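Student: Encoded as structure tokens, here's the structure I'll be asking about.
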Amino acid sequence: MDNNKRERFHILYERFIDIMTDPENFVKDAFIGKLKELCELLTIEKGVINFYINEEYERKNIGETFRDIDTKEGDTLLISRKHISNTGAVVTSALYVSSKKPKLDEEEIDKADLVLRSLISFISRNRLSTAIEDLGFHDEVGYKNTRAFTRFATNLALNNRLPEYTACRYNLKHFAYVNHKLGRANADIVMRNHTNIMSSTIGEDGIVSRLGGDNFVAIFKRDHLDKVLDILKGHDVYFQDGFEPMHLSSSAGIFDITENIIDNPSSYILDKLQFAIQLAMNGRYNSILFYDEKLRSIREKMITIDSLFDKAIANKEFCVYYQPKVDVSTGEIIGAEALCRWIKDNKVIPPDEFIPVFERSSNICKLDFYMLDAVCQDIRRWIDNNQKTVRISVNLSRRSIMNSSLSDDIIKIIDNYDIPRNMIEMELTETVNEYELKDLIHTVGGLNKAGIHVSVDDFGKGYSSLSLIKQLKWDVIKIDKCFLPDENEPTNSFNHQIYKTMVSLTAALGCECITEGIETQKQLSILKANSCNIAQGYYFDKPLPKDVFEEKLNGGGYPKEML
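The working numbering puts the first residue of the sequence shown at 13, with every later residue one more than the last.
Listed below in structure tokens is the structure:
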């Protein structure tokens with residue numbers, strides 16, 4: 013580097029530093045202009061700097077790129093650097109020159125490196141201050157979070173604009189399957205692409221925030237609603253060009269905001285959405301529900317029902333009804349399922365009116381244990397009175413399975429009545445996602461060790477059925493009535509073959525096989541023809557009050573003409 017070039021560099025570099033160190037008078041164009049002069053002097057053709065919040069963001073390429081210098085002739089790497097700050101922020105950088113121009117000498121390379129390090133310091137300092145603020149409004153992988161939603165909703169309220177908007181909370185259906193099929197890394201790309209589709213649909217006058225897992229909340233101008241609904245009902249999402257898309261649909265709660273809520277608007281909105289999406293996800297309603305007057309009425313009724321729970325427990329208003337399990341060859345009652353009925357003011361409240369309500373809170377867990385305790389009392393009494401005693405299955409809710417000490421709690425209740433553990437069968441519904449599966453494995457393992465029978469209810473309808481029977485030791489498999497072929501179908505039909513295969517698989521695993529939901533003699537004949545030996549359903553009896561069941565149990569079961 014000759015003296016003239018050296019002197020010119022020092023003048024430009026000093027002005028460059030002056031601009032960087034005067035934030036109050038900072039002008040970006042002047043800054044870029046001085047940087048270009050330095051690069052021209054040193055024949056730098058291209059400079060690239062990438063900024064990432066942390067190394068995880070770097071691995072996923074979630075960050076910002078600065079490329080203000082690029083003459084399109086930089087084809088040869090001159091310098092590359094990677095800097096990790098004390099806060100964990102990552103800056104990668106590179107300078108390029110042209111292979112068609114003379115090579116830089118060592119001093120010129122040192123000067124280019126000085127400019128690069130100064131630039132890294134400046135960008136790191138400024139971006140980090142912005143990033144620190146951004147971190148409060150993004151989750152650990154870069155999605156806008158609940159705080160961002162709250163800030164957005166609050167700003168709308170302060171400007172009296174909430175009534176122009178609609179809010180939506182949605183859950184991506186069966187996303188565990190996407191994880192299983194593509195692997196977690198590719199599934200993450202699918203989720204991000206889906207979020208990008210939703211964000212671009214609602215535009216800059218709306219926001220999409222992630223609540224956690226595969227759950228999101230969005231707020232957007234009402235005129236975008238139809239397009240948002242189209243996405244929620246089902247949309248093809250690619251994780252990579254040239255690969256088959258994943259068709260993602262959602263369960264969702266939607267709330268048209270009709271008034272401007274100044275006091276904590278985000279909580280007000282999320283409260284409505286939470287109720288709507290819970291109903292949308294429980295299978296009894298549409299998968300996309302608007303929070304409207306009808307839902308408000310349902311909610312008030314559910315609140316009333318929930319408020320009566322503690323008193324109903326104290327007054328023993330919840331009663332055990334028993335639905336017999338019948339040997340299809342003899343008519344003998346060989347077991348029963350314990351089902352809950354709520355008798356209040358001499359009226360029976362149907363379970364579909366109160367069970368979904370209690371499932372929304374820990375009350376369902378209390379009810380599970382209440383039912384188990386009541387069944388153990390009955391078995392103890394049958395034993396003491398030398399009555400016929402059969403194994404009774406007791407249902408466990410999904411929420412109970414999340415209890416890490418569940419198997420120990422069950423054993424404690426059974427042993428408290430000093431009854432044989434094999435007289436109790438805990439009936440579990442198939443899980444719907446991989447997280448519940450982990451809890452299920454833990455619980456079933458504990459019950460297996462204790463010698464308590466375990467059955468899987470509604471086999472074939474839940475999450476990864478074959479995976480379940482591979483990973484867990486079941487004593488009983490209950491086949492849902494939806495797998496029964498129609499009575500008039502030929503025996504070589506596809507549905508017949510599916511049912512036959514399910515029964516055969518159960519036998520091969522050494523499990524008892526029960527088909528539930530039997531309503532006609534023709535259906536019973538299908539069971540017998542396919543070697544399913546145990547039936548449960550209204551054909552024999554609906555769930556019976558305790559005294560009626562005991563009479564039926566001790567009376568020898570059902571006549572052979574029914575078989």
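Just so you know, even glycine gets a beta-carbon here, dropped at the ideal spot from N, CA and C. Remember, it's a predicted structure, so these values are computed and weren't measured experimentally.
State yes or no: is the C-beta of residue 79 within less than 8 angstroms of the C-beta of residue 102?
Tutor: No, the pair does not count as a contact, with Cβ atoms beyond the cut-off.
Student: Which same chain residues, not among the five before or five after residue 394, have their C-beta less than 6 angstroms away from its C-beta?
Tutor: These residues qualify, in order along the chain: 401.
Student: Any beta carbon of chain D sitting closer than 8 angstroms to that of residue 181?
Tutor: This model lacks chain D altogether, as it is built from one protein chain only.
Student: Skipping 5 residues on each side, what residues in its chain have a beta carbon closer than 7 angstroms to that of residue 252?
Tutor: Correct list: empty, nothing qualifies.
Student: In the DSSP assignment, find the beta strand (DSSP E) that holds residue 339 and state where it starts and stops.
Tutor: Where residue 339 is concerned, the enclosing beta strand (DSSP E) stretches over 330-339.
Student: Do residue 558 and residue 334 have their beta-carbon atoms positioned less than 8 angstroms apart in this structure?
Tutor: Yes, they are a contact pair.
Student: May I ask you to check if the CB of residue 352 is nearer than 7 angstroms to at least one heavy atom of the ligand GTP?
Tutor: Here there are no bound small molecules, and the ligand GTP is not part of this structure.
Student: Let me know the secondary structure DSSP gives residue 394 once reduced to three states.
Tutor: Three-state result, residue 394: helix.
Student: Among 451, 464 and 525, which residue has its Cα nearest to the Cα of residue 471?
Tutor: Among 451, 464 and 525, the Cα nearest to that of residue 471 is on 525.
Student: Straight-line CA distance for residue 476 to residue 494?
Tutor: Confidence is the limiting factor: at residue 476 the pLDDT is only 45, short of 50, which leaves the residue's position unreliable, though a coordinate-based value still follows. So the two alpha carbons sit approximately 17 angstroms from each other.
Student: Along the chain, which unbroken stretches of the beta strand (DSSP E) at least 3 residues long are found entirely within the region 491-558?
Tutor: Listed in chain order, they are 524-528 and 546-548.
Student: Please give me, in chain order, every unbroken run of the alpha helix (DSSP H) with length at least 4 that falls completely inside the region 368-430.
Tutor: Those alpha helix (DSSP H) runs which fall completely within the region 368-430 and span 4+ residues are 375-396, 410-413 and 418-428.
Student: Restricting to Cα atoms, I'd like to know which of 74, 63, 70 and 51 is closest to residue 83.
Tutor: For the residues 74, 63, 70 and 51, the minimum Cα distance to residue 83 belongs to 51.
Student: If you draw a straight line from the alpha carbon of residue 77 to that of residue 71, how long is it in whole angstroms?
Tutor: Going from the Cα of residue 77 to the Cα of residue 71 covers about 15 angstroms.
Student: From residue 24 to residue 42, what distance separates their C-alpha atoms?
Tutor: One C-alpha to the other measures close to 12 angstroms.
Student: How many angstroms separate the CA atom of residue 48 from the CA atom of residue 108?
Tutor: Roughly 14 angstroms between the two C-alpha positions.
Student: Could you name the residues of the same chain whose beta carbon sits closer than 6 angstroms to that of residue 12, not counting the 5 residues immediately before and after it, in chain order?
Tutor: Because the chain spans 13 through 575 in this model, residue 12 falls outside it and cannot be assessed.
Student: May I ask which residues mark the beginning and end of the beta strand (DSSP E) holding residue 107?
Tutor: Unbroken beta strand (DSSP E) run through residue 107: 102-109.
Student: Which residues in the same chain have their Cβ closer than 6 angstroms to the Cβ of residue 17, if we skip the five residues on either side of it in sequence?
Tutor: Hits under 6 angstroms: none found.
Student: Please classify residue 564: does DSSP put it in a helix, a strand, or coil?
Tutor: In this structure, residue 564 counts as helix in the three-state DSSP scheme.
Student: When the Cα of residue 309 is compared with those of 287, 322, 294 and 329, which residue comes out closest?
Tutor: It is 287 whose Cα lies nearest to the Cα of residue 309.
Student: Between the Cα of residue 207 and those of 439, 234, 182 and 483, spot the shortest distance and give me the residue it belongs to.
Tutor: When each option's Cα is compared against that of residue 207, the closest is 182.
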